[in-house]
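A.B. asks: Provided herewith is a single structure, encoded as structure tokens, for subsequent inquiry.
Numbering (this note's numbering), first residue to last: 2 to 103.
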């Protein structure tokens, strides 16, 4: 796994399934994990856009989230962060506006 001397981080697993581990190659340790979130009360696996990003203490959360965004762009998944509404213009309805004022 740590054979490329220029490699700083290694990502193993399937980002498309939101199940992968990020390793620090210099330290040879896990620094972050991406996992699908499970509803605790019903034990139901939530959608791919709902996931946990678990970080080792001291690992930069902004950098980890940046990796997630890059992986999302690379995977080209239809349910990605970049285009949540399928490219359609979304306009609030009266119900939406009423919900925000409550």
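Cβ atoms here follow ideal geometry from the backbone N, Cα and C, with glycine treated the same way.
What are the boundary residues of the beta strand (DSSP E) that residue 25 is part of?
C.D. replies: Counted as a single uninterrupted DSSP element, the beta strand (DSSP E) harbouring residue 25 occupies residues 20-25.
A.B. asks: Is it the case that the segment 52-67 contacts the segment 27-41, given that we only count it when at least three CB pairs across the two stretches are under 8 Å?
C.D. replies: yes
A.B. asks: Is residue 71 buried or exposed, if buried means 16 or more other CB atoms sit within 10 Å of its CB?
C.D. replies: Around the beta carbon of residue 71, a 10 Å sphere encloses fewer than 16 other beta carbons of the protein chains shown; the residue is thus reported as exposed.
A.B. asks: Output the boundary residues of the beta strand (DSSP E) element that contains residue 45.
C.D. replies: First-last for residue 45: undefined, no H or E at that position.
A.B. asks: On the CB-based measure, 16 or more other CB atoms within 10 Å of its CB, does residue 45 come out buried or exposed?
C.D. replies: exposed
A.B. asks: If the criterion is Cβ atoms closer than 8 Å, does the pair residue 26 and residue 9 meet it?
C.D. replies: yes
A.B. asks: Taking its Cβ as the centre, do 16 or more other Cβ atoms sit within 10 Å of residue 41, making it buried, or is it exposed?
C.D. replies: exposed
A.B. asks: Three-state secondary structure (DSSP) at residue 51?
C.D. replies: coil
A.B. asks: What is the residue span of the alpha helix (DSSP H) that residue 67 lies within?
C.D. replies: 62-76
A.B. asks: For residue 16, I'd like the list of residues in its chain whose CB is within less than 6 Å of its CB, leaving aside the five on either flank, ordered along the chain.
C.D. replies: 72, 76
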